[in-house]
Amino acid sequence: MPEYHVLRKDREIVDPDEIMDIVRRQAILTIGMAWEGVPYLVTVNYAYDARRKAFYFHSARAGKKVDYLEANPSVWCQILEDRGYIAGTCDWSYRSVHFPGTARFVRDSQEARHALSLLLDKLEPDPGVRRRLLGEADLREVAVCRIDPGPFTGKENPGPTAGG
Ligand SMILES: Cc1cc2nc3c(=O)[nH]c(=O)nc-3n(C[C@H](O)[C@H](O)[C@H](O)COP(=O)(O)OP(=O)(O)OC[C@H]3O[C@@H](n4cnc5c(N)ncnc54)[C@H](O)[C@@H]3O)c2cc1C
766 MPEYHVLRKD
776 REIVDPDEIM
786 DIVRRQAILT
796 IGMAWEGVPY
806 LVTVNYAYDA
816 RRKAFYFHSA
826 RAGKKVDYLE
836 ANPSVWCQIL
846 EDRGYIAGTC
856 DWSYRSVHFP
866 GTARFVRDSQ
876 EARHALSLLL
886 DKLEPDPGVR
896 RRLLGEADLR
906 EVAVCRIDPG
916 PFTGKENPGP
926 TAGG
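Each residue of the sequence shown is one higher than the one before, starting from 766 at the first, in the working numbering.
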């Protein structure tokens with residue numbers, strides 16, 4: 766299989782800090798997967814643990830994505846920063862990040878609680894609600910999935926200033 770690079774060099778984001786900025790600010794991850802050659806994708810809310818270099822999301826313990834990821838942990842992911850329509854251009858402004866990854870369901874309850882805590886820190890602004898939800902989380906019902914990412918690529922369409 767050939768190795769691909771961002772074709773539009775004028776739109777490639779090469780600064781790792783800018784890529785991490787997108788990862789930190791955004792909350793939604795689209796995960797592409799395949800099982801026996803049949804593709805599937807889901808969108809989830811994620812938290813990124815910079816120290817462990819790992820993405821986490823929570824999920825029901827059963828369902829199609831769980832079966833897919835357990836059968837084949839190789840995934841391809843996208844994070845999108847949607848900057849909206851660029852008036853008069855029939856074009857859309859965005860920054861996005863892609864990466865390959867390996868997914869696995871976290872069996873260690875300490876790591877799972879850590880991941881839920883990161884997710885709550887990211888998503889829930891009320892500290893009292895964060896504490897309550899974390900206290901109520903039942904790891905027999907909630908699955909936590911970890912994705913260890915490979916190399917990131919970044920791309921942007923900043924709008925007309927970049928020459929379209
Ligand atoms: C913004 C956003 C954030 C989300 N955050 C999370 C999250 O953090 N964790 C999480 O587990 N899920 C999240 N979801 C829901 C997620 O995208 C899946 O719908 C869900 O995880 C169920 O996936 P499954 O494969 O187990 O579904 P199943 O119910 O097992 O899938 C069976 C079939 O249902 C259909 N289906 C499944 N999901 C969808 C869907 N979203 N829309 C239309 N058809 C669908 C598919 O055709 C699939 O073949 C989020 C969705 C959105 C849009």
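Backbone N, C-alpha and C fix where the C-beta goes; we use that ideal spot for every residue, glycine too. Predicted, not measured: the structure shown is a model, and the values here were computed from it.
How is the alpha helix (DSSP H) around residue 875 delimited, first residue to last? Element bounds for residue 875: 874-888.
DSSP on residue 836, reduced to helix/strand/coil? helix
Where residue 791 falls, given that 16 or more other Cβ within 10 Å makes a residue buried: buried
Could you check if residue 874 is buried or exposed, using at least 16 other CB atoms within 10 Å of its CB as the buried criterion? exposed
Is DSSP giving residue 803 helix, strand or coil here? strand
What residues match up with residue 920 in a beta bridge as DSSP calls it? 777, 861.
Have a look at 830, 833, 861 and flag the residue whose alpha-carbon is nearest the alpha-carbon of residue 780. 861
Of all the options 841, 858, 843, which has the alpha carbon lying nearest to the alpha carbon of residue 849? 858
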